[in-house]
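So that you can map any letter, position 180 of the sequence shown is 550 in the working numbering, and since no number is skipped, the others follow by simple counting.
Glycine included, C-beta positions come from ideal geometry on N, C-alpha and C.
Written below as structure tokens is the structure these notes are about.
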Amino acid sequence: MEHSTIKIGIVDDDLLFVQLLKNYIENNGNYQIALTSTGGNQFLTEQDSAALDILILDLRMTNGDGLEVMAELSKRETETKIIVLSSFYRRSFMGQMLKMGAHAFLPKEIELEELLAVIKTVHHTGHYFSNDQIDVMRTQLSNKLPEFHAFSRNELTEREIDVLRLVCQQLSTKEIADSLFISPKTVETHKTNLMIKTGVKNMAGLVIYAVQNKVIDPDEIVLFDK
Numbered sequence: 371m372e373h374s375t376i377k378i379g380i381v382d383d384d385l386l387f388v389q390l391l392k393n394y395i396e397n398n399g400n401y402q403i404a405l406t407s408t409g410g411n412q413f414l415t416e417q418d419s420a421a422l423d424i425l426i427l428d429l430r431m432t433n434g435d436g437l438e439v440m441a442e443l444s445k446r447e448t449e450t451k452i453i454v455l456s457s458f459y460r461r462s463f464m465g466q467m468l469k470m471g472a473h474a475f476l477p478k479e480i481e482l483e484e485l486l487a488v489i490k491t492v493h494h495t496g497h498y499f500s501n502d503q504i505d506v507m508r509t510q511l512s513n514k515l516p517e518f519h520a521f522s523r524n525e526l527t528e529r530e531i532d533v534l535r536l537v538c539q540q541l542s543t544k545e546i547a548d549s550l551f552i553s554p555k556t557v558e559t560h561k562t563n564l565m566i567k568t569g570v571k572n573m574a575g576l577v578i579y580a581v582q583n584k585v586i587d588p589d590e591i592v593l594f595d596k
């Protein structure tokens with residue numbers, strides 16, 4: 371059960387789509403659409419006006435596309451989690467989306483109930499992968515993406531590897547803390563150290579790192595098929 375309102379921004383140049391999506395989300399859970407923008411440029415000038423938990427972002431827009439937004443937010447090191455929702459969806463783009471900082475990549479044809487489930491998953495765990503996207507990771511990412519890390523697996527501590535395995539199982543910070551009998555603050559410290567050592571920028575990047583470096587078998591990654 372969510373105890374606090376999840377603040378969401380929507381960036382899309384289809385005004386009707388934005389309004390319909392806004393109404394649906396706000397009427398189906400503890401969500402607040404804190405910001406809407408019709409293009410990436412407008413969003414980047416306004417985004418500091420609202421602390422967003424989730425950003426739902428289109429890719430192709432005339433006034434600043436989604437890739438520009440992700441590149442700029444990466445520089446700003448924002449904690450906002452990005453769900454790319456686009457009619458220009460291709461599974462083969464999954465690797466690029468993750469490298470750019472997306473926490474989920476979805477087609478606009480997605481059912482609205484499934485979108486809500488993805489929002490909850492991303493807010494709770496930091497990322498979302500569907501079954502077919504995991505298949506792409508298994509067959510493509512480990513071979514075609516450049517190495518993210520400056521450290522080898524052997525330079526991670528045993529506790530960091532424990533935390534990394536549980537991140538891949540989509541456990542929240544509290545659940546990881548309970549499982550390892552440590553405090554949530556300690557878990558966050560381990561996550562920060564993992565990202566520094568591996569050179570990735572988000573939890574999705576840690577999952578890719580774990581697969582690439584055989585810290586975890588891809589079959590062990592917990593999937594959400596909703």
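(request) Identify the continuous alpha helix (DSSP H) that holds glutamate 580 and give its terminal residues. (result) Reading the sequence as shown, one finds alanine at residue 580 and not glutamate. First-last of the alpha helix (DSSP H) with alanine 580: 573–582.
(request) Work out the CA separation of leucine 564 and glutamate 530 for me, nearest whole Å. (result) Straight-line Cα distance between these residues: approximately 7 angstroms.
(message) Contact defined as beta carbons within less than 8 angstroms: I believe valine 506 pairs with isoleucine 453. What is the distance between those atoms, to the nearest angstrom?
(response) Distance from valine 506 to isoleucine 453 at the Cβ level is roughly 17 angstroms; contact not present, criterion being Cβ atoms closer than 8 angstroms.
(request) Determine the contact status of glycine 379 and glycine 409, defining contact as a CB-CB distance below 8 angstroms. (result) Contact: no.
(message) Taking 7 angstroms as the limit between beta carbons, can you name the residues of its chain near threonine 543, skipping five residues before and five after?
(response) Only residues of its own chain outside the window of five on either side were considered, and among them Pro554, Val557 and Glu558 have a CB closer than 7 angstroms to the CB of threonine 543, listed in chain order.
(request) Compute the Euclidean distance between the alpha carbons of valine 585 and glutamate 416, then round it to the nearest angstrom. (result) When rounded, the distance between both Cα atoms is 40 angstroms.
(request) Using only the heavy atoms of the ligand PLP, determine whether one of them is closer than 7 angstroms to the beta carbon of aspartate 435. (result) Although the ligand PLP was asked about, the structure shown includes no ligands whatsoever.
(request) Give the straight-line distance between the Cα atoms of alanine 404 and leucine 422, rounded to the nearest whole angstrom. (result) Whole-angstrom Cα-Cα distance: 7 angstroms.
(request) Label aspartate 587 either buried or exposed according to how many other C-beta atoms from any shown protein chain fall within 10 Å of its C-beta, with 16 as the threshold for buried. (result) It counts as exposed.
(request) Look at the Cβ atom of valine 388, then the Cβ atom of leucine 427, and state whether they are nearer than 8 angstroms. (result) No, these two residues do not count as a Cβ contact at 8 angstroms.
(message) For threonine 406, list the residues DSSP reports as bridge partners.
(response) As computed with DSSP, threonine 406 is found in a beta bridge with Ile380.
(message) Checking 8 angstroms against the spacing of the C-beta atoms, do methionine 440 and methionine 470 come in under that value?
(response) Going by C-beta atoms, methionine 440 is nearer than 8 angstroms to methionine 470.
(request) Determine which residues share a DSSP beta bridge with leucine 455 and list them. (result) Paired residue(s): Leu476.
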